[in-house]
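Each remark here refers to the structure printed beneath this line.
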Amino acid sequence: MCLELRVDDLILRQQIMISIRVCSCFNSPLTRNHHPRAFTASSDSTSSDSLRNQSRRRLYTSYPPHSSHQALTMNPWGAAAPPPWVPQPAGYFPPGYATPQYASYWAQPGWNAPTVNGAFNSVKYPTLNPILALGTTTVRYDVRGQARNEIAQAIYMPNRLLVATSNQATHVRLISKAFPWSIEIVSASPVTCEVIWDALYKALQEPIADSEWGIIILDRKQRETIEKAAKKRSDNQDARYKRIDWLGGATIFKGLEKLEEFQDMRMLPGAEPCAETWVVRMSTS
1 MCLELRVDDL
11 ILRQQIMISI
21 RVCSCFNSPL
31 TRNHHPRAFT
41 ASSDSTSSDS
51 LRNQSRRRLY
61 TSYPPHSSHQ
71 ALTMNPWGAA
81 APPPWVPQPA
91 GYFPPGYATP
101 QYASYWAQPG
111 WNAPTVNGAF
121 NSVKYPTLNP
131 ILALGTTTVR
141 YDVRGQARNE
151 IAQAIYMPNR
161 LLVATSNQAT
171 HVRLISKAFP
181 WSIEIVSASP
191 VTCEVIWDAL
201 YKALQEPIAD
211 SEWGIIILDR
221 KQRETIEKAA
231 KKRSDNQDAR
241 YKRIDWLGGA
251 TIFKGLEKLE
261 EFQDMRMLPG
271 AEPCAETWVV
281 RMSTS
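According to UniProt numbering, the sequence shown holds residues 1 to 285 in order.
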């Protein structure tokens, strides 16, 4: 019985000495960078609870590092830095919000919002975007060129995607005393200011049709106006007469207006009416 106790005591002492040697090796500079969990197997295999607890306390004495040298050696990027799981500051930070392209008529960026008494709106045409309305528009647009090239960028860019009418109309008709054609704009989305300008440009870039020329030659003054404008505009690549030549020198867009009497007279009998019919005012300057 006494012999068995001595043997057990000897085995226990040997295990303690082995554990102490392992701890000493781990705390040495050569092995400090190794992950300490690699040595937990030897401590877990010990049958004695006191030995296991003692080994764990010694094994984890230097982890995590407390000195700046240890912080540098444990950081794989070579500099002291907080771990990636550091919690972010408390609070809710909503994502950025962008106003939809076709937002409310009165709440669009780049458009001077009206005051209570509507000081920034056209008094005569309150349902029309002021950038298009005759008398309030600041646009000087020569329709011989595309709007994005002819209109000042400080005006064109903030206003081009704004809706043209307060009811966000998808069908707009343009007529004018300066030319005999009607321009129909039909869109799946609300018509914008850019669409108005582009439709006007493209419609006037169409070549004059044979039937139209047959009428023009009966009016000597109109024919001379067209011929003079075409000669001034055309180049060697395209010598055809275009609708823009009908305007002569009156190629400056002054804005849109409502002329009920002219609109009723101009409407072709039997044609479908359009609530958003606007008269284009043109000028020489």
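By construction, the Cβ of each residue, glycine as well, lies at the ideal position given by its N, Cα and C atoms. All values reported here derive from a predicted model rather than from experimental measurement.
Does DSSP put residue i in a helix, a strand or coil?
i: R266; result: helix
i: W77; result: Because W77 carries a pLDDT of 42, less than 50, the predicted location of this residue cannot be relied on, and no value is offered for it.
i: I215; result: helix
i: Y141; result: strand
i: L132; result: coil
i: I208; result: coil
i: Y60; result: With a pLDDT of only 47 at Y60, under 50, the local geometry of the prediction cannot be trusted, and the value read off the model is given with reservation. Note: Y60 maps to coil in three-state DSSP.
Taking the beta strand (DSSP E) that residue i belongs to, which residues open and close that run?
i: L256; result: 252 to 257
i: R281; result: 277 to 283
Could you please give the first and the last residue of the uninterrupted alpha helix (DSSP H) stretch that includes residue i?
i: I196; result: 193 to 204
i: E184; result: Not the alpha helix (DSSP H): E184 falls in the beta strand (DSSP E), residues 183 to 186.
i: S189; result: Looking at the DSSP string, S189 is not in any alpha helix (DSSP H), and its letter there is neither H nor E.
i: T225; result: 220 to 233
i: I155; result: 153 to 159
i: R173; result: Run containing R173: none in the alpha helix (DSSP H); it sits in the beta strand (DSSP E), 171 to 176.
i: E272; result: Element bounds for E272: n/a, residue is neither H nor E.
i: R148; result: 147 to 150
For residue i, collect the residues of the same chain with a Cβ closer than 7 angstroms to its Cβ; drop the 5 residues on either side in sequence, then sort them by chain order.
i: R148; result: Y156
i: L134; result: K254, G255, L256, E257, R281
Compare the Cα-Cα distances from residue i to each of the options and report the closest residue.
i: R173; options: L268, K232, L161; result: L268
i: L128; options: Q153, E150, R233, Q168; result: Q168
i: A239; options: S187, F179, P180, Q205; result: Q205
i: P180; options: A188, A230, A203; result: A203
i: I175; options: P158, E261, I215, G214; result: E261
i: I151; options: M265, V191, P273, Y201; result: Y201
i: P273; options: H171, N121, T165; result: H171
i: K177; options: L259, A271, G270, A275; result: L259
i: K221; options: W246, D210, W197, S211; result: W246
i: S166; options: D219, E212, Y125, S211; result: Y125
i: Y141; options: G270, N121, C193; result: C193
i: V195; options: A164, M265, T136; result: A164
i: P190; options: D219, R160, Q146, M265; result: R160
Please return the same chain residues whose Cβ sits closer than 6 angstroms to the Cβ of residue i, not counting the five positions on each side in sequence.
i: Q263; result: T277
i: A199; result: I183, I185
i: W111; result: With a pLDDT of 45 at W111, under the threshold of 50, the predicted position of this residue should be treated as unreliable, though the coordinate-derived value follows. Counting only Cβ-Cβ distances below 6 angstroms, and skipping sequence neighbours, we find L162.
i: G248; result: T225, A229
Taking 8 angstroms as the limit between beta carbons, can you name the residues of its chain near residue i, skipping five residues before and five after?
i: K242; result: L204, Q205, E206, P207, I208, A230, R233
i: I244; result: V143, R144, L204, Q205, A229, R233, T251
Since I believe residue j is in contact with residue i (beta carbons under 8 angstroms), could you give me their beta-carbon distance rounded to a whole number of angstroms?
i: I216; j: I226; result: 6 angstroms
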